[in-house]
Structure formats: C-alpha cells, structure tokens
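Residue numbering for the sequence shown follows the working numbering, beginning at 892 and increasing consecutively.
Quick reminder that beta carbons are idealized off the backbone N, C-alpha and C, glycines included.
For reference, the structure is listed below as structure tokens.
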Amino acid sequence: MEQKLAGKVAIITGAARGQGAAEARMLASAGASVIIGDVLDQQGEALATEIKTSGGKAEFRHLDVATEEGWAGIVAFAKTTFGGLNILVNNAGVSLRVPSMIETKLEDWNRLMSINLTGAFLGIRACAPLIRDNGGGAIVNTGSIAGMTGHFATAYTSTKWGIRGLTKSAAMEFAPWNIRCNAVHPGIVLTDMVGESADFVEAMTWMAPMQRPATPEDIAKVVLFLCCDDSGYITGHDIPVDGGFTDAGAYRQVLLRVMSKNSRSL
Ligand SMILES: NC(=O)c1ccc[n+]([C@@H]2O[C@H](COP(=O)([O-])OP(=O)(O)OC[C@H]3O[C@@H](n4cnc5c(N)ncnc54)[C@H](O)[C@@H]3O)[C@@H](O)[C@H]2O)c1
C-alpha cells in the first residue's frame, strides 16, 4: 500500500476489534505507528502483535475513553514511545437498541453519553495540544447514520448527533493549529455490535440502495482518506458511509412500493 502516513503516529480508540481493528490495520499498512486503545486487553494485545508480525508498527495501551486518567496515560505513552502524535481516531462506542424513550434508564443514558460522546471530547481535549506540537494532523470522530436521521434509540442517537457538534467545534477551534477534524458516519457494518441482530441487519440492508451491509474495511478506507493529505482541505464535515441509506433510502422504498402497485405511473 502507498505509504501515505509514513512517519505519522495515530491513536485509535476501540481498536481491539471491529471497525477500529480494521482502521488500525489500514493505517499501519499506510505507514503509521498505531496505538490501539481499548478496554479489551487480550484482543488489543493480539492485534498489536499481528500488525507487528506483518511488518507494521503498533502498540496496545489499555484505555477507558470515559476517564481523564485513561487519556492522560495514553497521551504520555504516545510521547514516550513514539515521540508525539499526529492522528486521533475516536472510534470506541457502545450501542443500546431500546426502542422507547420512556423505557430508557438514566444509567444507560449516562453510560452511552460517557463512552460515545464524553469519550470523544476527552480524547480531543487531551490529544489536540500534542498534535499541534507535532505540526498538526487530523482527528476523525465516529458517528453513525443514527446521528443523521430521526432514530428509535434515544440515547444512542443523541450521542451520535452530539458527535457532529463536537466535530464542528473542534474543526473551528483547531484549524489555526493545522488540525483538521471530520466525522465518519457508518451505516450498518458487520461487527460484533450488530452480530446478534440478524433481523436488524437485514432490515437495514433492505433500506440501503446498495443492498449490502458495509464491511469494517469500507469504513477504514474513508478514515484513512480523512487522516491523510488527500483530504487536506476538508474539515468540519460529516461523511456518511452507508450505501445510500440516509440520502437515497426513503424514496427508493416509496418508488418500489408505488411501482409494485402500478408499473405505469408514479
Ligand atoms: N456496527 C455498526 O453497524 C455501526 C454503525 C454505525 C456506527 N457504528 C459505530 O462504530 C464504532 C465502532 O463500532 P463497531 O461496529 O466496530 O463495534 P464493536 O463493538 O465491534 O467495537 C467497539 C469497540 O469499542 C470498544 N469500547 C467500548 N467501550 C469502550 C471504552 N469505554 N473505552 C475504550 N474502548 C471501548 C469495545 O471494546 C470495542 O472494541 C462505534 O462508535 C459505533 O457506535 C457502528
């Protein structure tokens, strides 16, 4: 692979598995030294070993994104191990598909907020000065199409809409530091997060004009683009990677329904 991130250092959160792991492999293949931050120690260590065995540079560091101490630790680790930082990918997240606001418990709301949204805020606050001191770089936040449309899971959708505001604030504040900040918004992606919900995956796939779920690599390619100079004049943006779900899904269903009733007119 072209070494678009040669000499760069990246922290990727929630990278022990799923999309974060695909992003760690892809950024390492593009030449970055990758710090895998996650609460899943065994899987994180195994991934770091896998990347190193195949010739890349990677280290695992235990990180709970919801804690200030966790961020202080990983930032210090980046400094001492790799001499600084250029890239932060806020990917860690948890979901909760409770289809009722009334039934959403405060403790669940607070848990999702602390990991999905506060975690990204703490990460940006801790890492931006280090990225600045290295001459600038890129931050990529992970939202969701649940943050681009009305959605049934109150807590999850609220965290992902929050990611969009955080992204735009960071883009504005850190442009003078030569730091770009964008958000990637996956549609349905085949990872452990949705692994036990075959009906949900099927329904989400049916709504997407491309008629297939995303692979973690589909998302990782866009994250790589947003981290490297190919996207050097893009900041503050929301990039859906959803097979057309958000912008072309609803009217496709309207069309299919009308066509099935009357093939000659709409
Ligand atoms: N899978 C999908 O369909 C989908 C769709 C849209 C957005 N997303 C988002 O993509 C991101 C990645 O999810 P995924 O699909 O790879 O799911 P996943 O469950 O496989 O991965 C999530 C990772 O985050 C880690 N994590 C959870 N809490 C953490 C914490 N407190 N500190 C550090 N790490 C923590 C987990 O250990 C795990 O490795 C999430 O932000 C998720 O909300 C997923």
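Judged by beta-carbon spacing, G984 lies beyond the 8 Å limit of C1072, meaning their Cβ atoms are not closer than that value. Between N981 and A1011, the gap from beta carbon to beta carbon is short of 8 Å. Annotation for P990: no beta strand (DSSP E) segment contains it, and DSSP assigns it neither H nor E.
Fully contained in the segment 1038–1110 are the following alpha helix (DSSP H) runs of length 4 or more, in chain order: 1045–1065, 1089–1098.
At a Cβ-Cβ threshold of 8 Å, G935 and A906 count as neighbours. In this model, Y1142 and T1106 are separated by some 24 Å (Cα to Cα).
With a minimum length of 3 residues, the unbroken runs of beta strand (DSSP E) contained wholly in the segment 949–1005 fall at 978–981. For ligand 1, no non-hydrogen atom lies closer than 7 Å to the CB of A1094. Distance between H1042 and G946, taken at the CA atoms: about 42 Å. Straight-line spacing of the CA atoms in A1099 and A1139 works out to 8 Å. Straight-line spacing of the CA atoms in P1104 and G909 works out to 14 Å.
The segment 1146–1155 makes no contact with the segment 1071–1087, as fewer than three CB pairs between them are under 8 Å. S924 counts as buried, since at least 16 other C-beta atoms from the protein chains shown sit within 10 angstroms of its C-beta. A Cβ-Cβ contact shorter than 8 Å links G1078 with D1133.
Straight-line spacing of the CA atoms in L1003 and T1050 works out to 7 Å. Ligand 1 has no heavy atom closer than 7 Å to the beta-carbon of P990. With at least 16 other beta carbons inside 10 angstroms of its own, T1058 counts as buried. No Cβ-Cβ contact shorter than 8 Å links N1025 with G964. Apart from sequence neighbours up to five positions away, the residues of its chain that approach W1052 with a beta-carbon distance below 7 Å are G1038, ordered along the chain. For V930, the three-state secondary structure derived from DSSP is coil. Residue R1023 holds the alpha-carbon nearest to the alpha-carbon of P1067 among Q1102, I1030, R1023, T1040. Taking non-hydrogen atoms of ligand 1 into account, the C-beta of N1001 is found less than 7 Å away from none of them. Taking the Cα positions, L938 is about 45 Å away from L1146.
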